[in-house]
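Trainee: The structure under discussion is supplied below as structure tokens; questions concerning it will follow.
Number of protein chains: 2
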Amino acid sequence: MVSAARSGAGDRSAATRAAILAAAERLYAEQGLAAVSNRSVSEAAGQGNIAAVHYHFGTRLDLVRAVMARHGEAVDLLRARHAAEVAEGAGLREWVRCLVRPVTEHLAGLGTPSWQARCTVQVLTDPLTRNLVTEEALARPGLATVIRGLEQRLSGLDPGVRRRRGGMARNLITHTCAERERDLADATALPSQTWSDTADELEDAIYGLFTAPVTQPLPHPPSPTEEAP
Amino acid sequence: MVSAARSGAGDRSAATRAAILAAAERLYAEQGLAAVSNRSVSEAAGQGNIAAVHYHFGTRLDLVRAVMARHGEAVDLLRARHAAEVAEGAGLREWVRCLVRPVTEHLAGLGTPSWQARCTVQVLTDPLTRNLVTEEALARPGLATVIRGLEQRLSGLDPGVRRRRGGMARNLITHTCAERERDLADATALPSQTWSDTADELEDAIYGLFTAPVTQPLPHPPSPTEEAP
DNA sequence: CGGTAAATAAATCAAGCGATTGAATTAAGT
DNA sequence: ACTTAATTCAATCGCTTGATTTATTTACCG
């Protein structure tokens with residue numbers, strides 16, 4: 200079906216593929232995954248041909264995979280660079296920065312309006328594509344490095360609590376960036392916040408989240424679902 | 200079309216309405232809003248009739264509204280009760296508790312498996328229904344009381360930061376509960392955490408989030424999107 | 001210049017969709 | 001028992017979807 204071909208004809212193909220990916224990302228972000236047909240993606244990509252998506256990518260899931268992979272690598276390269284900079288003696292704050300800045304910097308680099316963050320939320324929320332993303336993300340080496348750095352600085356924390364707070368941090372980054380991206384796109388007025396400001400606030404929040412004192416849960420009382428008024 | 204009728208025939212109607220709401224909530228949670236047709240909802244509700252949804256609720260948006268309204272009031276009553284208990288001299292921690300506990304307690308009361316939390320995430324993520332929910336939630340008196348209590352305890356915070364951290368807290372509650380609900384539903388093994396444990400961890404996290412030190416953003420440097428390596 | 005394969009276009013298929021319709025069923029009031 | 005209204009059922013409309021197949025265009029390479 201495919202594969203960028205033997206020769207310079209790949210230029211045309213690469214251009215259409217890029218157009219399709221950009222169109223898909225935008226439509227997914229604006230309308231949600233399930234609401235967007237491959238037809239509308241093809242049309243929005245300027246291809247009068249409604250089968251363009253099928254030709255270049257195959258099934259719908261393959262297209263989603265390709266859309267997500269587009270930014271995944273770039274972000275992870277930024278992560279690796281940040282991780283290399285903090286090196287040895289870094290504290291928790293620096294490792295949190297390694298988690299947040301790569302995302303915001305990448306988004307800043309995309310200009311306004313962008314759709315990546317909102318598209319990510321849509322893909323991450325759709326029950327059929329959820330796993331696809333998380334698996335792909337966890338395979339990134341840069342992320343693994345940062346997670347290791349964070350775990351070292353959080354070794355005092357109960358493993359379960361640490362894991363769940365990590366998930367909260369992920370949620371915070373993902374959805375905060377998506378909301379910020381939406382604000383930027385809708386902004387009729389001038390933007391009051393830069394991506395760097397958003398990163399500052401995210402770092403503060405996640406730092407507070409990780410360093411918050413831990414309440415020891417009581418051993419389960421007889422009925423956990425009811426309590427007398 | 201509707202309106203629970205003049206007489207005891209309302210029993211039958213009320214029963215089917217409830218069945219439809221339950222089925223819709225479950226399907227929305229499992230498959231996402233846009234992936235679920237009114238037909239499949241009717242069928243899943245045991246109505247061989249594919250037009251049952253249209254008859255009892257009207258359009259698709261009306262059904263979503265009804266599904267969301269089902270739990271909204273119950274949760275807000277819990278919120279009001281919690282707010283009344285903390286009363287005057289309460290600290291930040293107690294007000295955070297007023298934000299978290301009503302949600303987890305309501306979910307605990309639903310038993311396992313439940314779909315409310317995951318359904319909420321789906322409705323909240325779908326671009327067509329996003330606003331519908333947030334507007335409805337902000338009109339609740341209990342929530343308003345709790346927000347007022349929180350703002351009093353956070354008066355030292357910059358209003359913008361306070362507002363955005365509030366949004367983060369909302370994200371944290373919503374998505375953490377949804378993930379927890381999914382874990383509970385999937386759990387082949389025994390549940391290792393109760394809803395009360397989840398509430399403890401959420402309170403810790405949000406308390407840390409609200410009390411985290413605030414980084415003062417630098418006045419914008421020439422180019423915020425690039426920085427030399 | 002002509003051969004060749006990639007890329008695009010156009011046409012087709014069964015399936016499912018929302019919405020609406022009118023007929024059959026149910027049960028209450030009298 | 002019979003009227004009457006609420007509810008359920010069954011059938012229908014025009015439209016869009018994913019997937020596939022067949023033609024047509026494009027441009028590189030010898």
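Protein chains in written order, with our numbering: chain V, 200 to 428; chain R, 200 to 428.
We put the beta carbon where it would ideally sit given N, CA and C, even for glycine.
If you measure from the beta carbon of residue 262 (chain V) to each beta carbon in chain R, is any gap under 8 angstroms?
Mentor: The residue you call residue 262 (chain V) lines up with position 63 of the first sequence. It does not; no Cβ of chain R falls within 8 angstroms.
Trainee: Distance check for residue 246 (chain R) and residue 343 (chain V), CA to CA, integer angstroms please.
Mentor: Position 144 of the first sequence, counting from 1, holds the residue named residue 343 (chain V). Position 47 of the second sequence, counting from 1, holds the residue named residue 246 (chain R). Their backbone Cα atoms lie some 50 angstroms apart in a straight line.
Trainee: Quick one: grab the DSSP three-state call for residue 372 (chain V).
Mentor: Looking up residue 372 (chain V) in the first sequence gives position 173. Residue 372 (chain V) falls in the helix class under three-state DSSP.
Trainee: Closest Cβ-Cβ distance between residue 355 (chain R) and chain V: below 8 angstroms?
Mentor: In the second sequence, the residue the question calls residue 355 (chain R) occupies position 156. Taking Cβ atoms only, chain V never reaches closer than 8 angstroms to residue 355 (chain R), which makes this a no.
Trainee: Which residues of chain V have a Cβ atom closer than 8 angstroms to the Cβ of residue 321 (chain R), listed in chain order?
Mentor: Taking the first residue of the second sequence as 1, we reach residue 321 (chain R) at position 122. Near residue 321 (chain R) (Cβ distances below 8 angstroms), the residues of chain V are 324.
Trainee: Taking DSSP as the reference, what is the three-state secondary structure of residue 383 (chain R)?
Mentor: The residue given as residue 383 (chain R) occupies position 184 in the second sequence. Of the three classes helix, strand and coil, the one that applies to residue 383 (chain R) here is helix, per DSSP.
Trainee: Helix, strand or coil, according to DSSP, for residue 248 (chain R) in the structure here?
Mentor: Looking up residue 248 (chain R) in the second sequence gives position 49. DSSP places residue 248 (chain R) in coil when its eight states are reduced to three.
Trainee: Could you tell me which of V:268, V:225, V:259, V:401 sits nearest to residue 336 (chain V), measuring between CA atoms?
Mentor: For this step, residue 336 (chain V) is matched to residue 137 along the first sequence. Comparing Cα positions, the closest option is V:268.
Trainee: Helix, strand or coil for residue 301 (chain V), going by three-state DSSP, please let me know.
Mentor: Within the first sequence, residue 301 (chain V) is the residue found at index 102, counting from 1. Three-state DSSP puts residue 301 (chain V) in a helix.
Trainee: Start and end of the alpha helix (DSSP H) containing residue 316 (chain V)?
Mentor: Within the first sequence, numbered from 1, the residue matching residue 316 (chain V) stands at position 117. Counting along the chain, the alpha helix (DSSP H) containing residue 316 (chain V) begins and ends at 315–324.
Trainee: Following the continuous alpha helix (DSSP H) through residue 335 (chain R), name the residue where it begins and the one where it ends.
Mentor: In the second sequence, residue 335 (chain R) corresponds to position 136, counting from 1. Where residue 335 (chain R) is concerned, the enclosing alpha helix (DSSP H) stretches over 329–337.
Trainee: Alpha carbons only, please: which of R:390, R:358, R:393 is nearest the one belonging to residue 179 (chain R)?
Mentor: Because residue 179 (chain R) is not part of the residues shown, which for chain R are 200 to 428, the question remains open.
Trainee: Between the region 306–325 of chain R and the region 245–262 of chain R, do at least 3 Cβ pairs fall closer than 8 angstroms?
Mentor: No: fewer than three Cβ pairs fall under 8 angstroms.
Trainee: Quick one: is residue 363 (chain R) near chain V, going by C-beta distance under 8 angstroms?
Mentor: For the purposes of this step, residue 363 (chain R) is taken as the residue at position 164 of the second sequence. True, the Cβ-Cβ gap to chain V drops below 8 angstroms.
Trainee: For the 8 angstroms Cβ check, are there 3 or more pairs between the region 277–294 of chain V and the region 402–409 of chain V?
Mentor: Result yes; three or more Cβ-Cβ pairs closer than 8 angstroms.
Trainee: Which residue marks the beginning of the alpha helix (DSSP H) containing residue 240 (chain R), and which one marks its end?
Mentor: Here residue 240 (chain R) refers to the residue found at position 41 of the second sequence. Where residue 240 (chain R) is concerned, the enclosing alpha helix (DSSP H) stretches over 237–243.
Trainee: Quick one: does residue 267 (chain V) have its CB under 8 angstroms from some CB of chain R?
Mentor: The sequence position of residue 267 (chain V) within the first sequence is 68, counting from 1. Judged by the 8 angstroms Cβ criterion, residue 267 (chain V) is not in contact with chain R.
Trainee: Pairing CB atoms from the region 355–369 of chain R with CB atoms from the region 258–277 of chain R, are three or more of them under 8 angstroms?
Mentor: Cβ pair count under 8 angstroms is below three, so no.
Trainee: What are the boundary residues of the alpha helix (DSSP H) that residue 277 (chain R) is part of?
Mentor: The residue labelled residue 277 (chain R) in the question sits at position 78 within the second sequence. 259–285 is the extent of the alpha helix (DSSP H) around residue 277 (chain R).
Trainee: To the nearest angstrom, how far is it from the Cα of residue 244 (chain R) to the Cα of residue 217 (chain R)?
Mentor: Counted from its first residue, the second sequence places residue 244 (chain R) at position 45. Counted from its first residue, the second sequence places residue 217 (chain R) at position 18. Whole-angstrom Cα-Cα distance: 9 angstroms.
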